[in-house]
Amino acid sequence: METVENNFSQQDTYPPKPVLIEQSNSNNLTRSLFSLMIYAVLFYVLFDQNIAYIAALLLVLLIHEFGHFFAMKMYNYTNVKLFIIPLMGAMVSGTKQNVSQKQMSIILLAGPLPGLIVGYVLYFVNRSIPNETLKMLANTFIFINLFNLLPIYPLDGGRLLETLFIKNNYGIRLVFTILSLVFLTILIALSQSYFMLIIPIFMGLELNNEIKNKKIRDYLDSEKINYHCEYRELPDRNYWLIRDCLLFSFQRKYNGVQPGIYQYSVGESLLMRHVMTVLKTNFVNDLSVLGKLIFLSVYLIFLVVIPLISLILLAFSV
Numbered sequence: 012m013e014t015v016e017n018n019f020s021q022q023d024t025y026p027p028k029p030v031l032i033e034q035s036n037s038n039n040l041t042r043s044l045f046s047l048m049i050y051a052v053l054f055y056v057l058f059d060q061n062i063a064y065i066a067a068l069l070l071v072l073l074i075h076e077f078g079h080f081f082a083m084k085m086y087n088y089t090n091v092k093l094f095i096i097p098l099m100g101a102m103v104s105g106t107k108q109n110v111s112q113k114q115m116s117i118i119l120l121a122g123p124l125p126g127l128i129v130g131y132v133l134y135f136v137n138r139s140i141p142n143e144t145l146k147m148l149a150n151t152f153i154f155i156n157l158f159n160l161l162p163i164y165p166l167d168g169g170r171l172l173e174t175l176f177i178k179n180n181y182g183i184r185l186v187f188t189i190l191s192l193v194f195l196t197i198l199i200a201l202s203q204s205y206f207m208l209i210i211p212i213f214m215g216l217e218l219n220n221e222i223k224n225k226k227i228r229d230y231l232d233s234e235k236i237n238y239h240c241e242y243r244e245l246p247d248r249n250y251w252l253i254r255d256c257l258l259f260s261f262q263r264k265y266n267g268v269q270p271g272i273y274q275y276s277v278g279e280s281l282l283m284r285h286v287m288t289v290l291k292t293n294f295v296n297d298l299s300v301l302g303k304l305i306f307l308s309v310y311l312i313f314l315v316v317i318p319l320i321s322l323i324l325l326a327f328s329v
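Count the sequence shown with the working numbering and you get residues 12 to 329, in order.
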């Protein structure tokens, strides 16, 4: 990184960083609805599922993600967006300068827990009023949300355990992510859902990027360059410094863009988004040991206890 440091020492002023243009809520909604339509069509064409099952799947998906969405809104996250990823699921993203351990735990549980509650209510209603469509809907709610509670990163269960216990320990988080990647790959192979292997492949690419980003952050720490801020608060000088670090670390990806030349490139929007991945929010450890145990207990009740009780009741009813 010596070249980066020397480049900066030779220049006193830097061009303005690119302006981040946030999409309007109407544009986000339109894109989400369009993605949802693609999701439904692809699922119908590739898996020959009936319309009722696809509708149930989309309903479960939306209730799950809107749980995350409204929890983020409740805690004043900005730029909250819902992304529908055809054939794989959906995700909600948002930004906040100070991320609370307690709030993040609630946000993560706000996705699967409402869906599980709805699923178990439908399950017991179906026992009194047998109906195949109702049974299918209950099973879909329960299966998808239970799967999301598995202690595997990046599922909600894995992210919850990371938030509660290992968020500030990079080494343990790295091992946990690698183990999750391996376990998820085995799980997909055993289920013979080979098209889902795209998920661990993307996880591997993201893991490689995060390792490189960690080295960049270590360098920035050594140079006392603050990267604990949102993009709009990032000084112009820091933008170009981080950009240079990315150009050195990802030479193949940004082939043709020279570090030390402070002019916008054709792919500047991609570089800007990459700079944003280097920036870190402040993680506030605001949960006591008792608080962590309460969240862990709620997690285990929905992941283990309630499903076990349901199985026992089903066995006695047969």
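Each residue gets a CB set at the ideal place from its N, CA and C atoms; glycine is no exception.
Inspect the beta-carbon positions of residue i and residue j and report whether they are closer than 8 Å.
i      : j      : result
ALA51  : LEU148 : no
LEU192 : MET214 : yes
LEU145 : VAL136 : yes
TYR238 : ARG228 : yes
VAL289 : VAL110 : no
TYR250 : VAL286 : yes
ILE236 : LEU252 : yes
PHE313 : LEU160 : yes
PRO318 : LEU119 : no
LYS223 : SER260 : yes
GLY169 : PHE152 : no
VAL197 : MET207 : In the sequence under discussion, the amino acid at residue 197 is Ile, which differs from the Val named in the question. Contact flag unset, no.
Take the Cβ of residue i as the centre, count every other Cβ of all protein chains shown within 10 Å, and call the residue buried at 16 or more, exposed below.
i      : result
MET115 : buried
ILE209 : exposed
ALA121 : buried
Return yes when at least one heavy atom of the ligand ZN lies under 7 Å from the C-beta of residue i, else no.
i      : result
ILE317 : Judged by which ligands are present, the structure shown has none, so any question about the ligand ZN falls away.
Going by alpha carbons, who is nearest to residue i out of the options?
i      : options                        : result
PRO162 : TYR181, GLU143, LEU195, VAL132 : LEU195
MET102 : VAL110, ASN109, SER111, LYS92  : LYS92
THR292 : ILE222, THR89, ILE210, LEU298  : THR89
SER43  : LYS28, LYS107, PHE80           : PHE80
ILE112 : ILE320, ILE222, TYR134, SER299 : The sequence as given places Gln at residue 112; Ile does not occur at that position. Of ILE320, ILE222, TYR134, SER299, the residue nearest in Cα terms is SER299.
PRO29  : PHE45, PHE306, MET283          : MET283
LYS264 : PHE306, LEU307, LEU216         : LEU216
GLY302 : ARG138, TYR164, GLU143, THR174 : THR174
ASP297 : PHE176, ILE312, ARG138         : PHE176
What number of angstroms, rounded off, separates the C-alpha of residue i from the C-alpha of residue j?
i      : j      : result
ILE140 : ILE155 : 23 Å
VAL186 : LEU218 : 11 Å
TYR25  : ASP247 : 6 Å
TYR230 : ILE117 : 34 Å
ILE74  : LEU258 : 40 Å
ASN87  : LYS107 : 8 Å
VAL315 : ILE62  : 31 Å
ASP167 : GLU76  : 11 Å
PHE69  : LEU47  : The residue asked about is misnamed: residue 69 is Leu in this sequence, not Phe. Their backbone Cα atoms lie some 8 Å apart in a straight line.
Is the segment 120–131 in contact with the segment 177–184, if contact means three or more CB pairs nearer than 8 Å?
-> For the pair of segments examined, the segment 120–131 was found not to touch the segment 177–184: the number of CB pairs separated by less than 8 Å stays below three.
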